[in-house]
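The opening residue of the sequence shown carries number 1 in full-length UniProt numbering; numbering runs sequentially from there. By construction, the Cβ of each residue, glycine as well, lies at the ideal position given by its N, Cα and C atoms. The model shown is predicted, which means the values in this text are computed figures rather than measured ones. Inspection log for the structure reproduced underneath, given as structure tokens.
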Amino acid sequence: MIKPRYKYLVSIMVLNKIALILTSSFFTDSDSTNFKFQVLESEKSYENPYSEETEENPVLSIDKIPLPDQKENENFLTDDEDYKDDNEDDDKNGDGNDSQIDDDQRTEENEYYEGDNHKEIKEEQQQITEEKEFEDTATISYGTPQIKLTPQEEVEGEGEGVEEREEKEEGKEKKENENKEHTTSVPHNTQKMNLSGKPSFSLDQNVTIPSHSLTVGNFSQPTKKPSINIPLNAETATTEGDKPPEDKPAFVAAEPITQEVLDRIAEDMEVRFEVLEDIRKAKVALRNQGMKAIDGNRWSVHFCLTTGMEHAHLVRRPEGYVLPNQTSIKLTHFNGCAYKLEPTKDFKPILPGNSLEFWVNIGPTIARSDLGPRWYVAAEGLQPRVISNTADESLDFVFLSKRKRSWDRFGHNDVEDLGTAPLLVIPTPLEILGLNVSRKIHIDSEWVVVGELGLENEAKFVADKLQLQKFLSQTNDRRVIKLRLDETQLETTKDGGTKLNQSSSEAYQLTVDATEELITITGTGNAGVFYGIQTLLALMDDQGLVPQVSIRDSPRFPYRGLMVDVARNFQSKQEIIKLLDVMAMYKMNKLHFHLSDNEGWRLEIPGIEELTLVGGKRCYDETEKTCILSQLGSGPDTTTSGTGHYSTEDYREILRHATQLHIQVIPEFDFPGHSHAAIKSMISRHDRLLHEGKEKDATMYLLNDFRDESRYFSVQAFTDETASVCLNSTYDLMEYVLHMIITLHSDIQPLTVFHFGGDEVPGGAWQKSPECEKLAKILNIGYRTPQTHKLLKAYFLKRISNITAKMGINLAGWGDYLFEHTTRTVLPREFFLNKEVYSFAWSTTGASRNNHEVSLMANHGYKVVLSNPDYIYLDHPYEPNQDERGKYWATPYSDTRKIFNYMPDSLYEDIDQIKNCTNLKGCVDGRRNVLGVEAAVWGETIRTPDHMFHMLFPRLLALAERAWHKAPWETIGDRKAQDRERTGDWVKFANSLGYRELGRLDKMNVKYHLTPPGARFVDKKLEVRAMLPGLRVEYSTDDGVTWNDVALETEVDRRVKLRTRSPDNKTVSREIEFEPPTLTTKVETVIKPRPESKRDQETENNHINVNDNDTSDSDNDESNNSSKDIGDIREKDSDNEKANLNTDSIDNGKDNHNNNDDNNSDDNDQKDEGKETQNT
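Spelled out as structure tokens, the structure:
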């Protein structure tokens, strides 16, 4: 049945021109080629030109509606000058939904973003808005002509109520039916979709049809083509090589859809997703590998693309969009990365060996992990099935044809191999005295642990680790590990250097006396004793030997954290406990537990079971009554990482284990944005209770206003992710959840901090809500004004502050919740009633404005935790390579060395220049308010435990080093001297990782990440460098059948495969191919055109390098990340006549090109066909 909206559109068609339009239906409007998909500035945040909030509503102009009286709002809001918001919320790299982007937030790896281009971006966005406002073309059902509404018709349609519009459209149904024979040239009875189990096609048996060719469809190709240009995405093609005979008998009818047929489609259909050269278009092919045709009988294919698809057409078209280049396919966007494609009435059977191909506009896509696995085929009433060639995590159905750029892996791995681990322990202690490696003691079973009263937990921990007996009092004077509490002090160094942080309960002193066979650990608090034990365990070798030494130590920062996102993809209790063990081993003390987001709710809340019964599951349910619709490659059922939650006992077990390890657990439930899973769960609860006749209970915890007609498109591409701040039931739910969490924590680790998220609230939320309009009247504020969103958000902040303060809990959120969008004014600290308020600053480094905001928050009394995405977001790849897992919106890569070079203090250098002082309270000591650092691992691409540990290790060890230990080179003012000292420090750290720490991770069964080796030829000898000294590099000359270690004298004369192997021999890196220089063939230089705008340039800078020929070594500090360092830096050593070749020479047989965006010089743009250049 044709939908009412389409009936309305049909009535305005010019009937006498339909045949001609249909005849050329494979052409598309030229506007479709002008689609400008904006660069995703963040996976959590990107600039979205199609957001509802970027368009001004003409009826809400300031001159027509007076601003609210500020004085009347003082009872719940701060002064308008102190806190402003222009209906937009900052995203995780600035302003996710804003029509402007402050480019000083960009990472300095982007060469063309070194200045303020607000005006250019604003003009570009305005142009896009004007071009796209009425561009969307309504498509009449399947294969019927596309009719473009006039602005007048658009306004008329929008102005009518739903009931009026339906009556008007239904009134035209008869007229449409009368004219239907004129609007399609194919008999009506052959075009109906199968809704009753009968064949959907009734073609004559003797009719012959080709399967999806240029003439496929209801009409033959015109003899004379219309004089229009055919854009790229209007092309269709048939797979070469396996074309069917020109005259193949058509099937009599489509098979009735049954479970058996659906299973066969899932098995026979092969998906191929190829990203084209400009990374904003893709070619999708559905190939039939079976023996029977695949017909279009009520099935649909569901998949995930995190970078977005056809948003210009789908944002305001929830009913779907028929592709102009392939009218047999309709595309629908649900929410987030979830899409559906389904056959239209134009669909012809895909014959065995043939493919259906079509082209789509996408967001910039250059990594395989931008797509999710487990595409699945579904049909009403049947069990959905995963398409077989997408079922695993290999993502080998994704093809990235983007030209490659050189990544100097050999040069990047240029670290002197010292042959040993020179650092005594990681993280580096503050002071090491009296080290004598020739005098060691052996800890065997005769040793005992003696812990004084109050240290029972610590005594048990070390006794269990070493399998020793423990006592409360000393039984002998030898072979004793003595634990005690006392304030320790460090002797002042000769130059008046750093003393022990005596105010820290984490300071300790460790003394190993080989003569007396006595080990003493003294701490200022229990945590200090525990970290002394961790240092002792790190000093011990495999034989149980510990050198004589005295160590005095205390942490640089009191907050040394890791944020783990289990909402996007769930991780089990056992994996979290293992992660806590590793964190404790490296003296990290905060687990920020991201337990809810759009894609899932992960903690059982007794009394509100739907939060996990619905919100804790993902499956195929388009209504989302029983689960959240599959996202992020979780597939159609509940057996994958899309499903899972922690029971109350699971959570308490995690708390108990964290408490034993002196790790504080900070739960986060994200509100009011990022709440899709919670919203849908409460709708399901509402419907259940309403069905049971409990109307009052049904509305108790609702998070949405059913009459709300607000339209927005969030930074994660959701249209219904924002909880209503105008409903009391929203706060009732949050208060209930908080009470439950407090109860779970009470007797284990009392809850002191609640993280409410608060980030990325879409500016279009709450704009057309009757409940919000009612609240606005109560609060005496204007509704549907430019200030409405800001005032309602402030109302939410005030209420959540009151709730948590009443419970004695401190409040935490992502930093953007504190700032007014336009002026970047910080909300006064007095606005919140909580004793402490935490801000997690996640803006990129290197931009003066971002650094200034850290100082601003700290000087206003907020406790600040640094979580800079371009350094310590560990969901970003280790190197700029298309096969490396991760997002890349903040930086092309972030490896262990780059994180080691991270200098947190540089992010608030101006803190003393902008002190916040008052006559009553004096000046705030902002430096004391910067608590520390937190790495974040967001879960969009992390679906297995191995994925999580790969993304975390070994680079989390570098963050642990920077969080605990401030390196001397961080304070050196001379840049050259600083670089020299930092490089020397890195050599020691890298050798310690390779020769010792990776082995410790192996013993804990932690699957850390290994990158491929760098390589080059010197004459015929193969030289290699692993990512860290001490790792083995293997090569194979028989395509991976046998492997051998690369030795000093290894010579090869043919193509080889290379890989890195872990110390325990259980883990290897991905394999790369490498060729001797005699196989190199030169091709002509290709000069890449400059991007059209700075926005496009950022995409190129941040995305173009995700390939095996990557960027130059730009991993030092924040000032060494510009795009000028990302390019081909081919060098020739004339003295040694060394031929330098890239390690990754072959990629699916494609030509790989090196580009240099700095000057496009001939020297730097020479190409090697079929191979890439590795630089020395």
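A residue is called buried once 16 or more other Cβ atoms fall within 10 Å of its Cβ, and Leu580 is buried on that count.
In the three-state reduction of the DSSP assignment, His950 falls in the helix class, which pools H, G and I.
With contacts defined as CB atoms closer than 8 Å, Ala935 and Leu959 qualify as a contacting pair.
Judged by beta-carbon spacing, Ser630 lies within the 8 Å limit of Gly642, meaning their Cβ atoms are closer than that value. Note on Met291: under 16 other CB atoms within 10 angstroms of its CB, so exposed under the neighbour-count rule. Here Ile914 is exposed. Its C-beta has fewer than 16 other C-beta atoms within 10 Å. Cys337 and Phe273 have their alpha carbons spaced roughly 15 Å apart. From the listed residues Arg711, Met1027, Leu276 and Asp905, the smallest Cα separation to Phe557 is found for Asp905.
Pro318 and Leu341 have their C-alpha atoms roughly 13 Å apart.
Pairing Ala841 with Ser867 gives a Cβ-Cβ distance under 8 Å. Here the segment 621–630 does not lie against the segment 529–547, with fewer than 3 beta-carbon pairs under 8 Å apart.
Ala266 and Arg374 do not touch by the CB rule: their CB atoms are close to 11 Å apart, not below 8 Å. Only residues of its own chain outside the window of five on either side were considered, and among them Gly994 and Thr1060 have a CB closer than 6 Å to the CB of Leu1031, listed in chain order. About 4 Å separates the beta carbon of Tyr783 from that of Ala776, a gap short enough to meet the 8 Å contact definition. In the three-state DSSP reduction, Gly999 falls in the helix class (H, G or I).
Take Val864, set aside five residues on each side of it, and the residues of its chain with a beta-carbon closer than 7 Å to its own are Ser839, Ala841, Val854, Met857, Ala858, Asn929, Val930 and Leu931, in chain order. When only Cα atoms are considered, Glu649 and Phe669 end up about 19 Å apart.
When C-alpha distances from Ile628 are compared across Lys680, Tyr731, Pro667 and Ala293, the shortest belongs to Lys680.
The segment 651–661 and the segment 688–705 do not touch, with fewer than 3 CB-CB distances between them shorter than 8 Å. The beta-carbon separation of Leu562 and Leu956, rounded to 7 Å, stays under the 8 Å limit for a contact. If you compare the alpha carbons of Thr1067, Arg1070 and Arg1016 with that of Val1046, the shortest gap goes to Arg1016. Under the DSSP assignment, Pro547 falls in the beta strand (DSSP E) whose first and last residues are Leu545 to Asp553. Beyond the five residues adjoining it in sequence on each side, Phe399 comes within less than 6 Å, by CB distance, of Glu274 in the same chain, given in chain order. A check of alpha carbon separations from Leu1028 across Asn834, Thr1050, Lys988 and Phe796 identifies Lys988 as the nearest. Of all alpha-carbon atoms in Asp565, Asn881 and Leu1001, the one lying nearest the alpha-carbon of Ile942 is that of Asp565.
Between Ala567 and Gly886, the CB-CB gap reaches or exceeds 8 Å.
Across the structure, Pro1076 and Tyr1035 are spaced so that their CA atoms are roughly 13 Å apart.
Residue environment for Met1004: exposed (fewer than 16 other C-beta atoms within 10 angstroms of its C-beta). Counting along the chain, Val529 sits inside no beta strand (DSSP E); it lies in the alpha helix (DSSP H) bounded by residues Asn526 to Leu539. In its chain, beyond the 5 residues on either side, Tyr871 and Arg962 have a beta carbon closer than 6 Å to the beta carbon of Tyr902. With 16 or more other Cβ atoms inside 10 Å of its own Cβ, Asp759 counts as buried.
DSSP assignment within the segment 885–961 yields the following whole alpha helix (DSSP H) runs of 4 residues or more, N-terminal first: 896–900, 926–929 and 945–952.
The beta carbon of Thr699 lies closer than 8 Å to those of His686 and Ser729 in the same chain, with the five residues before and after it left out. In terms of Cβ geometry, Met948 and Glu575 form a close pair [threshold 8 Å]. Cα atoms of Phe900 and Arg409: separation of roughly 18 Å, rounded to the nearest angstrom. A residue is called buried once 16 or more other Cβ atoms fall within 10 Å of its Cβ, and Ser445, having fewer, is exposed.
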